[in-house]
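Residue numbers (the numbering used here): 3 to 159.
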């Protein structure tokens, strides 16, 4: 008899009291992402940062307050020049960074291969072309949830 698939306890723990940090300067995009994530991941706490500095401030606060770090970062590739998404990846993934183990999923309007290549070279764990409709966003975030929160085993937050 075929039993339904049950994720191992280690992957179920990925979802418990999980935080996801969204870094995007576009308020409309943040609202869409936030709405869709609340629909498909109601148990996840969302942190929103409109700039790289705001993101690092939130990450630093988690460390200072001895709170769990986000289990995933959704990062817009094209932020204003000072907060370019690629620079943020470089800072997060530095060897001496306390955040280097947090997976980063890059979000971008661009499907250009040089952008994809550079994102992965700097340490992005995924590259997602931003969907065009709410329904596509919902499918995308459900897939993201399945992979990052149910399939893989993440390091402790």
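By construction, the Cβ of each residue, glycine as well, lies at the ideal position given by its N, Cα and C atoms.
Residues near residue 13 by beta carbon distance below 8 angstroms, same chain, minus five either side: Reading the chain shown from its first residue, position 11 is the one you call residue 13. Interpretation of residue 13 is limited by its pLDDT of 47, a score under 50 that renders its predicted location unreliable; no figure is taken from the coordinates.
Are the CB atoms of residue 61 and residue 79 nearer to each other than 8 angstroms? The residue given as residue 61 occupies position 59 in the chain shown. The residue given as residue 79 occupies position 77 in the chain shown. Contact: no.
Alpha-carbon to alpha-carbon, residue 25 and residue 57: As a first step, residue 57 must be located in the chain shown, where it is residue number 55. As a first step, residue 25 must be located in the chain shown, where it is residue number 23. Rounded to whole angstroms, residue 57 to residue 25 spans 7 angstroms at the Cα level.
Bridge partners of residue 46, per DSSP? Taking the chain shown and counting its residues from 1, the one referred to as residue 46 is at position 44. None; residue 46 has no bridge partner.
Under a Cβ-count criterion, where at least 16 other Cβ atoms within 10 Å of its own Cβ denotes burial, should residue 21 be classed as buried or exposed? As a position in the chain shown, residue 21 is number 19, starting the count at 1. Under this definition residue 21 is a buried residue.
Who are the near neighbours of residue 7 in its chain, counting only those whose CB is closer than 6 angstroms to its CB and skipping five residues on each side? Position 5 of the chain shown, counted from the start, is the residue given in the question as residue 7. At residue 7, the pLDDT of 48 sits below 50, so the modelled position is not reliable; the number obtained from the coordinates is stated separately. The beta carbon of residue 7 sits closer than 6 angstroms to none of the beta carbons in its chain outside the five residues before and after it.
Look at the alpha carbon of residue 90 and the alpha carbon of residue 54, and state the distance between them as a whole number of angstroms. For this step, residue 90 is matched to residue 88 along the chain shown. For this step, residue 54 is matched to residue 52 along the chain shown. Rounded to the nearest whole angstrom, the C-alpha separation of residue 90 and residue 54 is 6 angstroms.
By Cβ distance below 8 angstroms, which residues in the same chain neighbour residue 36 in space, the five residues on each side in sequence not counted? As a first step, residue 36 must be located in the chain shown, where it is residue number 34. Counting only Cβ-Cβ distances below 8 angstroms, and skipping sequence neighbours, we find 24, 48, 50.
What residue range does the beta strand (DSSP E) around residue 104 cover? Numbered from its first residue, the chain shown carries residue 104 at position 102. No beta strand (DSSP E) holds residue 104; DSSP gives it neither H nor E.
Look at the alpha carbon of residue 98 and the alpha carbon of residue 147, and state the distance between them as a whole number of angstroms. Along the chain shown, read from residue 1 onward, the residue named residue 98 stands at position 96. Along the chain shown, read from residue 1 onward, the residue named residue 147 stands at position 145. Linking residue 98 to residue 147 through their CA atoms gives a straight-line distance of about 28 angstroms.
Alpha carbon to alpha carbon, how far is residue 39 from residue 136? Give it in angstroms, no decimals. As a position in the chain shown, residue 136 is number 134, starting the count at 1. As a position in the chain shown, residue 39 is number 37, starting the count at 1. C-alpha of residue 136 to C-alpha of residue 39: approximately 11 angstroms in a straight line.
Three-state secondary structure assigned by DSSP to residue 21: Working through the chain shown from its first residue, we reach residue 21 at position 19. Residue 21: strand per DSSP, three-state reduction.
Pair within 8 angstroms by beta-carbon distance, residue 27 and residue 52: Along the chain shown, read from residue 1 onward, the residue named residue 27 stands at position 25. Along the chain shown, read from residue 1 onward, the residue named residue 52 stands at position 50. Contact flag set, yes.
If you drop the 5 nearest sequence neighbours on each side, which residues of the same chain put their C-beta closer than 7 angstroms to that of residue 122? By 1-based counting over the chain shown, the position of residue 122 is 120. Counting only Cβ-Cβ distances below 7 angstroms, and skipping sequence neighbours, we find 129.
By how many angstroms is the C-alpha of residue 72 removed from the C-alpha of residue 112? As a working mapping, residue 112 is identified with position 110 in the chain shown. As a working mapping, residue 72 is identified with position 70 in the chain shown. Their Cα atoms are separated by approximately 25 angstroms.
Could you tell me the boundaries of the alpha helix (DSSP H) in which residue 61 lies? Within the chain shown, residue 61 is the residue found at index 59, counting from 1. Boundaries of the alpha helix (DSSP H) harbouring residue 61: 54-66, taken from the DSSP string.
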